[in-house]
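Read the structure below first, then the notes.
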Amino acid sequence: MTFDIPNVPTLRNKCLSTVAENFRNFKSKLTSRYIFGHLKHKSPCSSYKSIDEETWRLFKESRMSEEWQVSVVHIIQFLINKYISYELIN
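Each position in the sequence shown, counted from 1, maps to that position plus 284 in my numbering.
This is the structure in structure tokens:
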């Protein structure tokens, strides 16, 4: 599937930014529900026709990798430190 985005820089940037944000949210939803959540013993392939079994297997492997999980821990630590700093200032 392709889309023609008008070549107006601000419109193009906003459109691509929205697509990227929605894709990140979709991947987060898949991860939280189908890998670590209440649907972890199910496959999203029947619910999302655009996801085939091979794509799902590769995505699941990437999310369960030690490298990805370490990056999540770093993000959580960063957010906790940011919150603590904010609370100390206010």
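Even for Gly, the Cβ is constructed at its ideal location relative to N, Cα and C.
Note that the coordinates shown come from a computational prediction; the quantities given were computed from them, not determined experimentally.
Whole-number beta carbon distance between residue j and residue i, since they are thought to touch under 8 Å
i, j, result
"LYS324", "TYR332", "Not a contact, Cβ separation roughly 16 Å."
"PRO328", "LEU342", "That belief does not hold up - the Cβ atoms of PRO328 and LEU342 are roughly 13 Å apart, past 8 Å."
- prompt: So does the region 337-349 actually touch the region 306-321, counting three or more Cβ pairs closer than 8 Å?
  reply: yes
field: Length at least 4, wholly inside the region 287-325: the alpha helix (DSSP H) runs in chain order
entry: 293-314
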